[in-house]
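>
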Amino acid sequence: MMRPRRRSSNIRLALYLLVLVLIAGYLVNRQRGATSNEDLTYEEDLGTYAHTSKSRKGERAFVVASQEKDDVAWLYDYFPDWTKYRYIVDNPKAELRVPVNKGRESMVYLTFIIDNYDNLPDYTLFLHPTRYQWHNDDPDYDGLMVLRNFQVPYLEQEGYVNLRCAWQLGCPNEIKPYENDPREKQQQGHAGNSYYHAFKEIFGEAREVPHEVGVSCCAQFALTRDKIREIPRSEYVRLREWLAKTPLLDSISGRVMEYSWHILFGKEPIHCPSAQDCYCKVFGLCDLRCPEIGMCDGRYVLPPFSSLPNGWP
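Here the sequence shown stands for residues -33 to -1, 1 to 280, where the numbers follow mature numbering (1 follows the signal peptide of the UniProt record, and there is no 0).
(1) Any idea if S33 is buried or exposed, counting beta-carbon neighbours within 10 angstroms, 16 or more meaning buried?
(2) Taking the alpha carbon of Q118 as the reference point, which residue from F272, G251, V176, V268 has its own alpha carbon closest?
(3) Quick check on H178: does DSSP put it in helix, strand or coil?
(4) Buried or exposed for F272, please, with buried defined as at least 16 other CB atoms from any protein chain shown within 10 angstroms of its CB.
(5) From the DSSP output, which residues share a beta bridge with S33?
(6) Per DSSP, which one or two residues make a beta bridge with A28?
(7) Between the C-alpha atoms of C257 and C239, what's the straight-line distance to the nearest angstrom?
(8) Around the C-beta of S274, are 16 or more other C-beta atoms found within 10 angstroms, so that it is buried, or is it exposed?
(9) Output yes or no for whether 9 Å exceeds the beta carbon distance between R196 and T91.
(10) Under the rule that 16 or more other beta-carbon atoms within 10 Å means buried, what is Q243, buried or exposed?
(11) How is the alpha helix (DSSP H) around V67 delimited, first residue to last?
(12) According to DSSP, what are the bridge partners of T191?
(13) Could you give the residue range of the alpha helix (DSSP H) that holds Y163?
(14) Relative to the C-alpha of E72, which residue among P96, G261, E141, K60 is closest?
(15) Between E208 and D85, what straight-line distance do the alpha-carbon atoms span, to the nearest angstrom?
(16) Give me whichever residues DSSP pairs with M112 in a beta bridge.
(17) Going by C-alpha to C-alpha distance, which of F29, F188, F166, P270 sits closest to Y121?
(18) Alpha carbon to alpha carbon, how far is E125 from D57?
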(Lines of atoms letter the chains of each structure in order from A and count residues from 1; the text may use other names and numbers.)
(Lines give C-alpha, C1' and ligand atoms only; values in the text may rest on other atoms or scores of the structure.)
Protein backbone atom coordinates (compact mmCIF):
# COMPACT_ATOMS: atom_id res chain seq x y z
CA MET A 1 0.00 0.00 0.00
CA MET A 2 1.25 3.53 -0.98
CA ARG A 3 2.06 5.67 1.94
CA PRO A 4 -0.08 8.88 2.25
CA ARG A 5 2.96 11.18 2.15
CA ARG A 6 4.29 9.58 -1.04
CA ARG A 7 0.84 9.66 -2.65
CA SER A 8 0.51 13.39 -1.84
CA SER A 9 3.94 14.06 -3.34
CA ASN A 10 3.01 12.29 -6.58
CA ILE A 11 -0.24 14.25 -6.84
CA ARG A 12 1.65 17.54 -6.49
CA LEU A 13 4.12 16.45 -9.16
CA ALA A 14 1.30 15.54 -11.55
CA LEU A 15 -0.42 18.87 -11.00
CA TYR A 16 2.86 20.71 -11.54
CA LEU A 17 3.43 18.90 -14.86
CA LEU A 18 -0.14 19.64 -15.94
CA VAL A 19 0.35 23.35 -15.28
CA LEU A 20 3.57 23.34 -17.33
CA VAL A 21 1.78 21.67 -20.26
CA LEU A 22 -1.04 24.22 -20.15
CA ILE A 23 1.39 27.16 -20.06
CA ALA A 24 3.38 25.75 -22.98
CA GLY A 25 0.21 25.28 -25.03
CA TYR A 26 -0.89 28.84 -24.32
CA LEU A 27 2.44 30.30 -25.41
CA VAL A 28 2.48 28.28 -28.64
CA ASN A 29 -1.03 29.40 -29.56
CA ARG A 30 -0.20 33.01 -28.73
CA GLN A 31 2.84 32.92 -30.97
CA ARG A 32 0.79 31.48 -33.83
CA GLY A 33 -1.82 34.18 -33.37
CA ALA A 34 0.81 36.93 -33.47
CA THR A 35 1.98 35.81 -36.89
CA SER A 36 -1.30 34.75 -38.45
CA ASN A 37 -2.27 36.04 -41.90
CA GLU A 38 -4.88 38.31 -40.31
CA ASP A 39 -2.12 40.33 -38.66
CA LEU A 40 0.18 40.58 -41.66
CA THR A 41 0.09 42.69 -44.77
CA TYR A 42 2.23 42.35 -47.84
CA GLU A 43 4.33 45.40 -48.62
CA GLU A 44 4.69 45.24 -52.40
CA ASP A 45 7.39 47.88 -52.56
CA LEU A 46 9.55 46.02 -50.02
CA GLY A 47 8.65 42.51 -51.08
CA THR A 48 8.30 41.47 -47.43
CA TYR A 49 5.60 40.96 -44.87
CA ALA A 50 5.09 43.62 -42.25
CA HIS A 51 2.88 43.67 -39.19
CA THR A 52 -0.20 45.87 -39.29
CA SER A 53 -1.31 48.11 -36.44
CA LYS A 54 -2.48 45.07 -34.43
CA SER A 55 1.12 44.18 -33.66
CA ARG A 56 2.32 47.66 -32.75
CA LYS A 57 4.10 48.39 -29.51
CA GLY A 58 3.29 52.10 -29.48
CA GLU A 59 6.81 53.26 -30.32
CA ARG A 60 6.93 57.06 -30.41
CA ALA A 61 9.60 59.42 -31.67
CA PHE A 62 10.51 63.06 -32.21
CA VAL A 63 12.40 64.01 -35.35
CA VAL A 64 14.05 67.37 -34.72
CA ALA A 65 15.52 69.64 -37.38
CA SER A 66 18.12 71.72 -35.57
CA GLN A 67 21.32 73.70 -35.71
CA GLU A 68 24.30 73.25 -33.42
CA LYS A 69 23.31 76.25 -31.28
CA ASP A 70 19.75 75.09 -30.59
CA ASP A 71 18.81 73.99 -27.08
CA VAL A 72 16.77 70.78 -27.29
CA ALA A 73 17.28 69.67 -23.67
CA TRP A 74 13.61 70.30 -22.92
CA LEU A 75 12.59 67.42 -25.15
CA TYR A 76 14.80 65.03 -23.17
CA ASP A 77 13.76 66.45 -19.80
CA TYR A 78 10.01 66.31 -20.30
CA PHE A 79 9.54 63.40 -22.70
CA PRO A 80 11.85 60.58 -21.57
CA ASP A 81 9.64 57.91 -23.14
CA TRP A 82 9.92 59.34 -26.64
CA THR A 83 12.86 58.40 -28.85
CA LYS A 84 14.70 61.48 -30.15
CA TYR A 85 16.25 61.82 -33.58
CA ARG A 86 18.05 65.14 -33.50
CA TYR A 87 19.53 66.11 -36.85
CA ILE A 88 22.09 68.94 -36.83
CA VAL A 89 22.10 70.49 -40.28
CA ASP A 90 25.16 72.72 -39.84
CA ASN A 91 27.48 70.03 -38.47
CA PRO A 92 28.69 67.60 -41.17
CA LYS A 93 30.21 65.39 -38.45
CA ALA A 94 27.05 65.07 -36.38
CA GLU A 95 25.77 61.58 -35.66
CA LEU A 96 22.53 62.45 -37.45
CA ARG A 97 23.17 64.75 -40.38
CA VAL A 98 21.78 65.60 -43.81
CA PRO A 99 23.52 65.11 -47.17
CA VAL A 100 23.15 68.82 -47.95
CA ASN A 101 21.71 71.68 -45.92
CA LYS A 102 18.91 72.78 -48.23
CA GLY A 103 15.16 73.12 -47.97
CA ARG A 104 15.18 73.91 -44.27
CA GLU A 105 13.46 71.28 -42.11
CA SER A 106 12.28 69.34 -45.18
CA MET A 107 15.73 67.88 -45.80
CA VAL A 108 15.79 66.51 -42.25
CA TYR A 109 12.31 65.04 -42.47
CA LEU A 110 12.99 63.28 -45.76
CA THR A 111 16.38 62.01 -44.59
CA PHE A 112 14.85 60.48 -41.47
CA ILE A 113 12.14 58.71 -43.47
CA ILE A 114 14.65 57.38 -46.01
CA ASP A 115 17.13 56.18 -43.38
CA ASN A 116 14.50 54.53 -41.17
CA TYR A 117 11.92 53.39 -43.70
CA ASP A 118 12.29 49.70 -42.81
CA ASN A 119 12.20 50.33 -39.05
CA LEU A 120 9.94 53.30 -38.45
CA PRO A 121 8.41 54.13 -35.08
CA ASP A 122 4.66 53.72 -34.87
CA TYR A 123 4.17 57.45 -34.29
CA THR A 124 6.57 60.20 -35.35
CA LEU A 125 6.33 63.93 -34.66
CA PHE A 126 8.38 66.16 -36.95
CA LEU A 127 9.49 69.22 -35.02
CA HIS A 128 11.48 72.42 -34.88
CA PRO A 129 14.03 72.45 -32.06
CA THR A 130 13.36 75.17 -29.52
CA ARG A 131 10.68 75.17 -26.87
CA TYR A 132 9.35 78.69 -27.40
CA GLN A 133 8.63 79.60 -31.02
CA TRP A 134 6.31 82.25 -32.41
CA HIS A 135 4.26 79.73 -34.40
CA ASN A 136 3.63 77.25 -31.57
CA ASP A 137 -0.13 76.97 -31.06
CA ASP A 138 -0.19 77.97 -27.40
CA PRO A 139 -0.94 81.24 -25.56
CA ASP A 140 2.72 81.41 -24.48
CA TYR A 141 4.04 79.87 -27.74
CA ASP A 142 5.20 76.96 -25.59
CA GLY A 143 6.03 73.78 -27.48
CA LEU A 144 5.93 71.81 -24.24
CA MET A 145 2.19 72.31 -23.92
CA VAL A 146 1.63 71.55 -27.60
CA LEU A 147 3.32 68.17 -27.20
CA ARG A 148 1.80 67.36 -23.80
CA ASN A 149 -1.72 67.93 -25.10
CA PHE A 150 -1.22 66.10 -28.39
CA GLN A 151 -3.72 63.27 -28.85
CA VAL A 152 -1.94 60.16 -30.16
CA PRO A 153 -5.24 58.22 -30.61
CA TYR A 154 -6.38 60.88 -33.08
CA LEU A 155 -3.11 60.51 -34.98
CA GLU A 156 -3.71 56.76 -35.12
CA GLN A 157 -7.08 57.46 -36.69
CA GLU A 158 -5.92 60.08 -39.20
CA GLY A 159 -2.41 59.00 -40.17
CA TYR A 160 -1.34 62.64 -40.68
CA VAL A 161 -2.02 65.48 -38.22
CA ASN A 162 -0.82 69.06 -38.38
CA LEU A 163 0.40 70.41 -35.02
CA ARG A 164 -1.33 73.73 -35.44
CA CYS A 165 -5.00 74.74 -35.42
CA ALA A 166 -5.03 78.55 -35.63
CA TRP A 167 -5.54 79.81 -39.18
CA GLN A 168 -2.87 82.48 -38.77
CA LEU A 169 -0.81 81.89 -40.95
CA GLY A 170 -1.56 79.52 -43.83
CA CYS A 171 -5.33 79.20 -43.91
CA PRO A 172 -7.58 79.36 -45.73
CA ASN A 173 -5.58 79.84 -48.95
CA GLU A 174 -2.01 81.01 -48.39
CA ILE A 175 -0.70 79.79 -51.75
CA LYS A 176 -2.27 80.70 -55.10
CA PRO A 177 -0.10 78.99 -57.71
CA TYR A 178 -1.81 80.53 -60.74
CA GLU A 179 -1.27 84.10 -59.58
CA ASN A 180 1.94 86.08 -59.68
CA ASP A 181 2.89 86.92 -56.12
CA PRO A 182 4.64 90.30 -55.77
CA ARG A 183 5.84 89.22 -52.33
CA GLU A 184 8.08 86.62 -53.97
CA LYS A 185 10.46 89.34 -55.14
CA GLN A 186 10.17 91.33 -51.95
CA GLN A 187 10.42 88.55 -49.38
CA GLN A 188 12.33 85.33 -49.76
CA GLY A 189 9.83 83.46 -47.60
CA HIS A 190 6.98 83.46 -50.12
CA ALA A 191 6.72 80.73 -52.75
CA GLY A 192 4.49 82.69 -55.10
CA ASN A 193 4.37 81.47 -58.67
CA SER A 194 7.30 79.12 -57.99
CA TYR A 195 4.83 76.76 -56.34
CA TYR A 196 3.13 75.97 -59.65
CA HIS A 197 6.29 74.63 -61.29
CA ALA A 198 7.53 72.95 -58.12
CA PHE A 199 4.20 71.17 -57.68
CA LYS A 200 4.59 69.61 -61.13
CA GLU A 201 8.08 68.42 -60.25
CA ILE A 202 6.99 67.02 -56.89
CA PHE A 203 3.70 65.38 -57.85
CA GLY A 204 4.16 64.78 -61.57
CA GLU A 205 2.92 66.42 -64.76
CA ALA A 206 -0.27 64.36 -64.78
CA ARG A 207 -1.57 65.87 -61.54
CA GLU A 208 -3.44 69.13 -61.83
CA VAL A 209 -2.00 72.00 -59.85
CA PRO A 210 -4.61 73.24 -57.35
CA HIS A 211 -5.74 76.84 -57.70
CA GLU A 212 -5.41 77.41 -53.97
CA VAL A 213 -3.43 75.70 -51.23
CA GLY A 214 -3.94 76.21 -47.52
CA VAL A 215 -2.74 74.59 -44.33
CA SER A 216 -1.89 76.12 -40.99
CA CYS A 217 1.84 76.85 -40.96
CA CYS A 218 4.69 75.97 -40.13
CA ALA A 219 5.82 72.44 -41.09
CA GLN A 220 5.39 70.69 -37.74
CA PHE A 221 3.23 67.60 -38.03
CA ALA A 222 2.79 63.98 -36.98
CA LEU A 223 2.64 60.76 -38.99
CA THR A 224 1.95 57.13 -38.34
CA ARG A 225 4.25 54.46 -39.69
CA ASP A 226 1.51 53.12 -41.95
CA LYS A 227 0.87 56.54 -43.48
CA ILE A 228 4.56 57.04 -44.26
CA ARG A 229 4.77 53.62 -45.85
CA GLU A 230 1.83 54.22 -48.15
CA ILE A 231 4.48 55.92 -50.29
CA PRO A 232 7.44 53.87 -51.59
CA ARG A 233 10.86 54.69 -50.17
CA SER A 234 12.07 55.43 -53.70
CA GLU A 235 9.63 58.34 -53.89
CA TYR A 236 11.10 59.95 -50.77
CA VAL A 237 14.55 59.53 -52.31
CA ARG A 238 13.34 61.28 -55.45
CA LEU A 239 11.88 64.15 -53.41
CA ARG A 240 15.13 64.59 -51.52
CA GLU A 241 17.08 64.67 -54.77
CA TRP A 242 14.72 67.33 -56.08
CA LEU A 243 15.21 69.37 -52.92
CA ALA A 244 18.99 69.07 -53.19
CA LYS A 245 19.16 70.03 -56.87
CA THR A 246 16.39 72.59 -57.30
CA PRO A 247 17.61 76.08 -58.25
CA LEU A 248 14.98 77.60 -55.98
CA LEU A 249 16.22 79.59 -53.03
CA ASP A 250 16.46 77.58 -49.84
CA SER A 251 13.65 79.60 -48.30
CA ILE A 252 11.39 79.06 -51.30
CA SER A 253 11.97 75.32 -51.63
CA GLY A 254 11.37 74.93 -47.91
CA ARG A 255 8.13 76.85 -48.18
CA VAL A 256 7.01 74.78 -51.15
CA MET A 257 7.46 71.64 -49.06
CA GLU A 258 5.75 73.28 -46.08
CA TYR A 259 2.61 73.61 -48.20
CA SER A 260 2.96 70.19 -49.81
CA TRP A 261 3.31 67.77 -46.89
CA HIS A 262 -0.42 67.55 -46.22
CA ILE A 263 -1.13 66.88 -49.90
CA LEU A 264 1.61 64.26 -50.05
CA PHE A 265 -0.03 62.42 -47.15
CA GLY A 266 -3.52 62.39 -48.58
CA LYS A 267 -5.23 65.59 -47.47
CA GLU A 268 -7.00 68.02 -49.79
CA PRO A 269 -5.00 71.03 -51.06
CA ILE A 270 -6.96 73.20 -48.65
CA HIS A 271 -6.68 71.42 -45.31
CA CYS A 272 -8.10 73.91 -42.84
CA PRO A 273 -10.43 72.29 -40.29
CA SER A 274 -12.26 74.67 -38.01
CA ALA A 275 -10.17 75.77 -35.07
CA GLN A 276 -12.79 74.49 -32.62
CA ASP A 277 -12.83 71.01 -34.14
CA CYS A 278 -9.05 70.94 -34.46
CA TYR A 279 -8.30 71.98 -30.87
CA CYS A 280 -10.68 69.33 -29.57
CA LYS A 281 -9.40 66.45 -31.69
CA VAL A 282 -5.69 67.30 -31.87
CA PHE A 283 -5.13 68.65 -28.35
CA GLY A 284 -8.14 67.50 -26.33
CA LEU A 285 -9.24 71.10 -25.71
CA CYS A 286 -12.98 70.78 -26.27
CA ASP A 287 -14.46 73.55 -24.10
CA LEU A 288 -13.09 76.55 -25.97
CA ARG A 289 -15.12 79.51 -27.12
CA CYS A 290 -14.45 80.05 -30.82
CA PRO A 291 -16.11 83.18 -32.25
CA GLU A 292 -14.50 82.64 -35.66
CA ILE A 293 -13.90 79.53 -37.73
CA GLY A 294 -10.14 80.02 -37.61
CA MET A 295 -9.58 81.11 -34.01
CA CYS A 296 -10.57 80.36 -30.43
CA ASP A 297 -10.41 82.77 -27.52
CA GLY A 298 -7.21 82.74 -25.51
CA ARG A 299 -5.34 80.27 -27.71
CA TYR A 300 -3.15 82.06 -30.24
CA VAL A 301 -2.29 85.62 -31.22
CA LEU A 302 0.18 86.28 -34.02
CA PRO A 303 3.14 88.07 -32.36
CA PRO A 304 4.68 91.17 -33.95
CA PHE A 305 8.10 89.50 -34.07
CA SER A 306 9.44 86.24 -35.50
CA SER A 307 11.94 85.68 -32.68
CA LEU A 308 10.66 85.73 -29.13
CA PRO A 309 12.57 88.01 -26.70
CA ASN A 310 15.34 86.50 -24.61
CA GLY A 311 14.01 85.04 -21.39
CA TRP A 312 10.52 84.46 -22.77
CA PRO A 313 8.02 84.04 -21.26
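We put the CB at the ideal spot given by N, CA and C, even for glycine.
With the given structure in hand:
(1) S33 is buried by the Cβ-count criterion.
(2) Just measuring C-alpha positions, the residue of F272, G251, V176, V268 sitting nearest Q118 is G251.
(3) Here DSSP, grouped into helix, strand and coil, assigns H178 to coil.
(4) When all chains shown are included, F272 counts as exposed.
(5) I55.
(6) Per DSSP, T50, T91.
(7) Each residue's CA atom was taken as its position, placing C257 and C239 some 15 Å apart.
(8) Flag for S274 reads exposed.
(9) It is not a contact, given that the beta carbons lie outside the stated cut-off.
(10) The Cβ neighbour count for Q243, taken over all protein chains shown within 10 Å, is at least 16; the residue is labelled buried.
(11) It is not in any alpha helix (DSSP H) - V67 carries neither H nor E in the DSSP assignment.
(12) Per DSSP, Y90.
(13) That run of the alpha helix (DSSP H) goes 161 to 170.
(14) Of P96, G261, E141, K60, the residue nearest in Cα terms is P96.
(15) Each residue's Cα considered, the two are about 20 Å apart.
(16) DSSP lists no partner for M112.
(17) Nearest option by C-alpha distance: F188.
(18) For E125 and D57, the distance between alpha carbons rounds to 34 Å.
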